[in-house]
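Trainee:
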Amino acid sequence: MTAPKNGPMTTGAVGVGEAVLLTGATGFLGTQLLKRILEHNRTTRLSLLVRSGGRDSARERVDALLARTLGPAEADRQRGRIDVVQGDISLPGLGLEPGTTASLQSSLDQVIHCAATVRFDLPLEDARRDNTGGTRHMLTFADGVRHLGRFDYVGTAFVAGERDGLVMEDELDVGQTFRNSYEQSKMEAEKLVREFATTHPTAIYRPSMVVGDSRTGATTSFQGASQILIFYRQFFSRGMVVPIPADLQTRLDIVPVDYVVDALFALMHTQKSIGNVFHLASGPANTCTLDELMEMTAKLTGLKRPQCISLETFRQKIEPALRATLKGWALDVLSKGDKYIPYAFTKLLFDKTHTDAGLVGTGITTPHPRTYYEKLLQFQEQTLRVG
Ligand SMILES: NC(=O)c1ccc[n+]([C@@H]2O[C@H](COP(=O)([O-])OP(=O)(O)OC[C@H]3O[C@@H](n4cnc5c(N)ncnc54)[C@H](OP(=O)(O)O)[C@@H]3O)[C@@H](O)[C@H]2O)c1
């Protein structure tokens, strides 16, 4: 982290606390964090900050999530140790009644902030409302927690924006530009967290592109790297041979969700995590080129490899022709895919010195995509019936 203003914050609680507030539990990663705590920390009391959704209250959403994730019997057993706090991080005071805030602040010993909007297509002000503003509200709340053992923040490695080359965990704002409002608003959020970390025990985890479980391929998120694959499969399975904008030498840092969760909790159990930033990424040693990913996809699915072209050629020649001729699902695929195209040209790699040092002796190793890529494809095929 950047040099703390008030001296380094060297101590904090180690491991999962006895009374933990978690945000983002209804999301892809947050559900896995919730599940891990329920399974491994039997005495921990959990408060989940969740929005209401449609006609469902936050409690109804959590009940449905527990039943889906744990099965009805286990969900019933676990329900009693979970307080659902209906709130919204984008609102001042998280949208909570003062009494609720006071009661939480006197009982909690840990806050894990995972909630964010991960959409790439929002106007900057909208992304800032959840990501930067939401994090600011969480920090104000956490500042009032009487016995805060630790604050754990889930950021993203893509705060690096449009930089090239190896990005170190200590680096943040080096004057980079951004591909989208998500990257920018998360960079601004991490700045706030780093400032907070100068006076409060804090750890920052930056996953790269999180994909399904390395053992089963399972995921509930079909954003990010999965989207790239889905577009590819949808076009080519329908016999459309469209050149795609990509640099085959791009090394795409994808990381399986089980590794992210294992690493995050293992790091949380070290004093070294306090005041530190960790890339939960595959890192240069375990990152495939797009060439290799396409080769594996073609081999495992039987689909023809696409021709890859420069972004310039795509924008000038191919995209206008596609927009003029495509309809329905195919036009939709093209429009959605647009936000992900820049990642097929990225020259970013994420250094993992802090993460690797923090994981020494834990037995947690970074799986190479070659060892689990087939599982991702299989799960995607079964779930989405693409290909
Ligand atoms: N997935 C990845 O590849 C990836 C990579 C790097 C970093 N990350 C980081 O990991 C974290 C989780 O991402 P994810 O992939 O799990 O995203 P996700 O599936 O979209 O989940 C986002 C979660 O945040 C909650 N949330 C969003 N805005 C909120 C608000 N205003 N108030 C309360 N809750 C709100 C959502 O609640 P609702 O259910 O109500 O929408 C949901 O629970 C984020 O911080 C993200 O930046 C993810």
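In this note's numbering, the protein residues as written are -10 to 376.
C-beta atoms are modelled at their ideal positions from N, C-alpha and C, and glycine is treated no differently.
These figures come from a predicted structure and were not determined experimentally.
Can you say whether Met229 is buried or exposed, counting buried as having 16 or more other CB atoms within 10 angstroms of its CB?
Mentor: The residue in question, Met229, is exposed, as its Cβ has fewer than 16 Cβ neighbours within 10 Å.
Trainee: Based on the DSSP secondary-structure assignment, which residues constitute the bridge partners of Val199?
Mentor: Answer by DSSP bridge pairing, in chain order: Val244.
Trainee: Report the rounded CA-to-CA distance for Asp119 versus Phe368, giving the unit in angstroms.
Mentor: Answer to the nearest angstrom: the Cα atoms are 31 Å apart.
Trainee: Could you check the C-alpha separation between Thr259 and Val3 for me, to the nearest Å?
Mentor: Roughly 6 Å between the two C-alpha positions.
Trainee: Could you compute how far the alpha carbon of Lys261 sits from the alpha carbon of Cys297?
Mentor: Near 44 Å, if we compare the C-alpha coordinates of Cys297 and Lys261.
Trainee: Can you tell me which residues form a DSSP beta bridge with Ile353?
Mentor: In the DSSP output, where bridge partners are listed per residue, Ile353 has none listed.
Trainee: Under 7 Å Cβ to Cβ from Arg135, same chain only, skipping five residues before and after it: list those, please.
Mentor: Same-chain partners within the cutoff: Gln94 and Ser95.
Trainee: Beta carbon of Arg139, beta carbon of Ile263: below 9 Å?
Mentor: Yes.
Trainee: Between which two residues does the beta strand (DSSP E) holding Ala8 run?
Mentor: Ala8 to Thr12 is the span of the beta strand (DSSP E), which, as asked, contains Ala8.
Trainee: Under the rule that 16 or more other beta-carbon atoms within 10 Å means buried, what is Gln238, buried or exposed?
Mentor: With fewer than 16 other Cβ atoms within 10 Å, it is exposed.
Trainee: So the candidates are Leu85, Pro234 and Leu256; which of them puts its Cα closest to the Cα of Gly129?
Mentor: Correcting the residue type first, residue 129 is Thr in the shown sequence and not Gly. Ranking Leu85, Pro234 and Leu256 by Cα distance to Thr129 puts Leu85 first.
Trainee: Assign Asn(-5) to one of two classes, buried (16 or more other C-beta atoms within 10 Å of its C-beta) or exposed (fewer than that).
Mentor: Below a pLDDT of 50, predicted positions are generally treated as unreliable, and Asn(-5), at 41, falls in that range; no measurement from the model is reported.
Trainee: Which runs of the beta strand (DSSP E) spanning at least 3 residues fall entirely within the stretch 12 to 56, listed in chain order?
Mentor: You should have 34 to 39.
Trainee: Among the residues of its own chain, which have a CB less than 7 Å from the CB of Met285, if the five just before and after it don't count?
Mentor: Correct list, in chain order: Tyr362.
Trainee: At what residue ranges does the stretch 70 to 123 contain a whole run of the alpha helix (DSSP H), taking only runs of 4 or more?
Mentor: Here the runs fully enclosed are 87 to 96 and 113 to 117.
Trainee: Measure the Cβ-Cβ separation of Met198 and Asp340 and say whether it is below 9 Å.
Mentor: No; because the gap between Cβ atoms is not below 9 Å, this pair is not in contact.
Trainee: Closer than 8 Å to a non-hydrogen atom of ligand 1 - does that hold for the CB of Gly42?
Mentor: Gly42: yes, Cβ under 8 Å from ligand 1.
Trainee: For a test of the three-state rule: what should DSSP assign to Asn275, helix, strand or coil?
Mentor: It is helical.
Trainee: Three-state secondary structure (DSSP) at Phe167?
Mentor: Reduced to three states, the DSSP call for Phe167 is coil.
Trainee: Measuring CB to CB, does Thr33 end up less than 9 Å from Ile26?
Mentor: Cβ atoms of Thr33 and Ile26: closer than 9 Å.
Trainee: Taking C-alpha atoms, which residue in Leu137, Arg57 and Val266 lies nearest to Thr209?
Mentor: Comparing Cα positions, the closest option is Arg57.
Trainee: So, helix, strand or coil for Ala192, using DSSP?
Mentor: If DSSP states are grouped into helix, strand and coil, Ala192 belongs with the strands.
Trainee: Does the separation of the CB atoms of Leu337 and Ala146 fall below 9 Å?
Mentor: Yes, these two residues count as a Cβ contact at 9 Å.
Trainee: Grouping DSSP H, G and I as helix and E and B as strand, with all else coil, what is Gly347?
Mentor: In this structure, Gly347 counts as helix in the three-state DSSP scheme.
Trainee: Report all residues from its chain with a CB closer than 7 Å to the CB of Arg125; omit the five preceding and five following residues, and keep chain order.
Mentor: Closer than 7 Å at Cβ, skipping near neighbours: Leu181.
Trainee: Mind checking Leu22: buried by the 16 CB within 10 Å criterion, or exposed?
Mentor: Leu22 should be labelled buried.
Trainee: Would Thr276 pass as a contact of Ile243 if the rule is Cβ separation under 9 Å?
Mentor: Going by C-beta atoms, Thr276 is nearer than 9 Å to Ile243.
Trainee: Indicate whether Lys364 and Thr205 have their beta-carbon atoms separated by less than 9 Å.
Mentor: Contact flag set, yes.
Trainee: Looking only at its own chain, which residues have a Cβ that is under 7 Å from the Cβ of Thr335, when we skip the five neighbours before and after it?
Mentor: Taken in chain order, the residues that qualify are Thr239.
Trainee: Thinking C-beta only, is Pro196 closer than 9 Å to Leu269?
Mentor: Cβ distance < 9 Å, so Leu269 and Pro196 count as in contact.
Trainee: Following the continuous beta strand (DSSP E) through Tyr142, name the residue where it begins and the one where it ends.
Mentor: Taken as a continuous stretch (DSSP letters only), the beta strand (DSSP E) holding Tyr142 covers Arg139 to Val143.
Trainee: Please classify Gly201: is it buried, with 16 or more other beta-carbons within 10 angstroms of its beta-carbon, or exposed?
Mentor: Result: buried.
Trainee: According to DSSP, which residues form a beta bridge with Val266?
Mentor: Partner(s): Ile193.
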